[in-house]
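Student: So that we are looking at the same thing, I have put the structure below in structure tokens.
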Ligand code: PSU
Ligand code: MN
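Residue numbers (UniProt numbering): 2 to 336.
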């Protein structure tokens, strides 16, 4: 009951600030106000299941129009399984929790003209009134702000290959170390250094669990060859894990890895050779920093003749199905 009360209090605070912002004619939202879709705020205040979704996957992760189609289908899967989807993005400087169809379309057509927004970019995009597609780190930040405990994506960022020299380590990992949101993903792509990513998560104190497997999945394939510290067998077990993490006030995130369904997993060899080639091209073209992940995703898709995109879409939908069930189980547990 205390949980529900503090949740409501936080929400009311945000709703108030959002109302104030709405009255300020067309201005951006300096001062930290946000806009929560009415369907989402209603579900949150009633303790009903909500699933947060990121938006970089729409703008930078997939080409138009498949990005839009996938975003809509993912939201539909969340609904069909009893939860309310809340896609998160910054539009005209206002962080939005829950997007309308028109807003999804806007992001999808903006593509990489939307700013890829990780935690470090949030203040700038808000202050300049820009359009920001939130990565896993920024989406976790906003989900936590409005008390959405479950967040579904495709793959998270990690330690990049050669990260021990470049120090290119995704802020998704440090966010998982500081923000109590459960992130459901298909693991980490092998464009990244998976063993070092898992080491880094351990250092950050992040609980990493895999669904019905002992192996950490590698996004396009079911296994990376790395073991996970925890294994969960059901959405209910995941919900208990999230609840224990909250009750203990560990304040860290949880990474729940769901392997890509067998029938959609791409051939490991084809993907791996495409990744090797894309990585080499990135080095030659000097593509670094936050441009690297979008470049590699697009190039691997080209090199595999669209096979990687098809796998990507299938695994995101599978994660949405699982995530909705986790959110429903968690809401049930908290009643
Ligand atoms: N991996 C994917 N698809 C994506 C991303 C990662 O398979 O769209 C996006 C996510 O938004 C993730 C971000 O949070 O890339 C990580 O970017 P970086 O490596 O620059 O931290
Ligand atoms: Mn980076």
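The beta carbon of each residue, even a glycine, is placed where N, CA and C say it ideally should be.
These numbers were taken from a predicted model, which means no experiment stands behind them.
Along the chain, where does the alpha helix (DSSP H) containing residue 73 start, and where does it finish?
Tutor: Residues 67–81.
Student: So what's residue 242 in DSSP terms, helix, strand or just coil?
Tutor: Residue 242: helix per DSSP, three-state reduction.
Student: Going by DSSP, what residue range makes up the beta strand (DSSP E) through residue 123?
Tutor: Not the beta strand (DSSP E): residue 123 falls in the alpha helix (DSSP H), residues 123–128.
Student: In whole angstroms, what is the alpha-carbon distance linking residue 254 and residue 146?
Tutor: Computed Cα separation, rounded: 13 Å.
Student: Please classify residue 166: is it buried, with 16 or more other beta-carbons within 10 angstroms of its beta-carbon, or exposed?
Tutor: Exposed, by the Cβ-count rule.
Student: Run the CB neighbour count on residue 70, radius 10 Å, all protein chains shown included, and call it buried at 16 or more, exposed below.
Tutor: So residue 70 ends up on the exposed side.
Student: Please confirm whether any heavy atom of ligand 2 lies closer than 6 Å to the CB of residue 122.
Tutor: Residue 122 Cβ: outside cutoff for every heavy atom of ligand 2.
Student: Decide yes or no for the touch test of the region 207–224 against the region 185–192: beta carbon pairs closer than 8 Å, at least 3 of them.
Tutor: At 8 Å Cβ cutoff, the stretches touch.
Student: Work out the CA separation of residue 244 and residue 290 for me, nearest whole Å.
Tutor: Rounded to the nearest angstrom, the two C-alpha atoms are 35 Å apart.
Student: Is residue 194 near ligand 2, with its Cβ less than 6 Å from a heavy atom?
Tutor: Not under cutoff, so the answer is no.
Student: Helix, strand or coil: which one does DSSP assign to residue 161?
Tutor: Correct three-state label for residue 161: strand.
Student: Let me check understanding here. Comparing Cα to Cα, which of 334, 283, 258, 256 lies closest to residue 163?
Tutor: Comparing Cα positions, the closest option is 283.
Student: With a threshold of 8 Å on Cβ separation, who are the neighbours of residue 143 within its own chain once the five nearest residues in sequence on each side are excluded?
Tutor: Excluding residues within five positions, the ones whose Cβ falls inside 8 Å are 35, 53, 89, 96, 98, 135.
Student: Do you know offhand how far residue 126's Cα is from residue 94's?
Tutor: In a straight line, the C-alpha of residue 126 is about 6 Å away from that of residue 94.
Student: Relative to ligand 4, what is the chain-ordered list of residues with a Cβ closer than 6 Å to any of its non-hydrogen atoms?
Tutor: With respect to ligand 4, the structure offers nothing, as its ligand set consists of ligand 1 and ligand 2.
Student: Give me the Cβ distance between residue 178 and residue 325, rounded to the nearest whole Å; I'm assuming they're in contact under 8 Å.
Tutor: Not confirmed; about 26 Å, so no contact.
Student: For residue 167, verify whether its CB is less than 6 Å away from any heavy atom of ligand 1.
Tutor: No, since every heavy atom of ligand 1 falls outside the 6 Å radius drawn around the Cβ of residue 167.
Student: Thinking C-alpha only, which one of 113, 148, 122 is nearest residue 48?
Tutor: Per the Cα distances, 148.
Student: Could you tell me how far apart the beta carbons of residue 271 and residue 308 are, in whole angstroms, since I believe they sit closer than 8 Å?
Tutor: That pair is a contact at about 7 Å.
Student: Is residue 176 near ligand 1, in the sense that its beta carbon is under 6 Å from a heavy atom of that ligand?
Tutor: No, ligand 1 has no heavy atom inside 6 Å of this Cβ.
Student: If we call anything under 7 Å between Cβ atoms a contact, is residue 207 one with residue 249?
Tutor: It is not a contact, given that the beta carbons lie outside the stated cut-off.
Student: I need the straight-line Cα distance from residue 192 to residue 278, nearest angstrom please.
Tutor: Rounded to whole angstroms, residue 192 to residue 278 spans 11 Å at the Cα level.
Student: Should residue 55 be listed as close to ligand 1, given that the test is whether its C-beta is under 6 Å from any heavy atom?
Tutor: Correct: residue 55 has its Cβ closer than 6 Å to ligand 1.
Student: On the DSSP letters alone, give me the boundaries of the alpha helix (DSSP H) that residue 196 sits inside.
Tutor: Taken as a continuous stretch (DSSP letters only), the alpha helix (DSSP H) holding residue 196 covers 195–204.
Student: Specify whether the region 302–318 and the region 61–78 touch according to this definition: at least 3 beta carbon pairs, one from each stretch, less than 8 Å apart.
Tutor: With the cut-off at 8 Å, the region 302–318 and the region 61–78 touch.
Student: Leaving out the 5 sequence neighbours to the left and right, which residues in its chain are closer than 6 Å to residue 321 when beta-carbon positions are compared?
Tutor: These residues qualify, in order along the chain: 75, 78, 79, 153.
Student: So what does residue 220 bridge to, in DSSP terms?
Tutor: Beta-bridge pairing links residue 220 to no other residue.
Student: Taking the beta strand (DSSP E) that residue 295 belongs to, which residues open and close that run?
Tutor: Looking at the DSSP string, residue 295 is not in any beta strand (DSSP E); the run it does join, the alpha helix (DSSP H), is 293–304.
Student: Would you please state the rounded distance, in angstroms, between the beta carbons of residue 72 and residue 109? I believe it to be under 8 Å.
Tutor: Right, the Cβ-Cβ distance comes to about 7 Å (below 8 Å), so this counts as a contact.
Student: So residue 298 packs on residue 280, CB below 8 Å; how close in whole Å?
Tutor: With 8 Å as the limit, residue 298 and residue 280 do not qualify as a contact, their Cβ atoms being about 12 Å apart.
Student: Looking only at its own chain, which residues have a Cβ that is under 6 Å from the Cβ of residue 231, when we skip the five neighbours before and after it?
Tutor: Excluding sequence neighbours, residue 231 sits near 210.
Student: For residue 96, does the three-state DSSP call read helix, strand or coil?
Tutor: In the structure shown, residue 96 sits in a strand (DSSP, three-state: E or B).
Student: Check each candidate in 38, 40, 323, 39 and name the one with the smallest Cα separation from residue 183.
Tutor: Among 38, 40, 323, 39, the Cα nearest to that of residue 183 belongs to 323.
Student: In the DSSP assignment, find the unbroken beta strand (DSSP E) run with residue 187 in it and report its ends.
Tutor: It is not in any beta strand (DSSP E) - residue 187 carries neither H nor E in the DSSP assignment.
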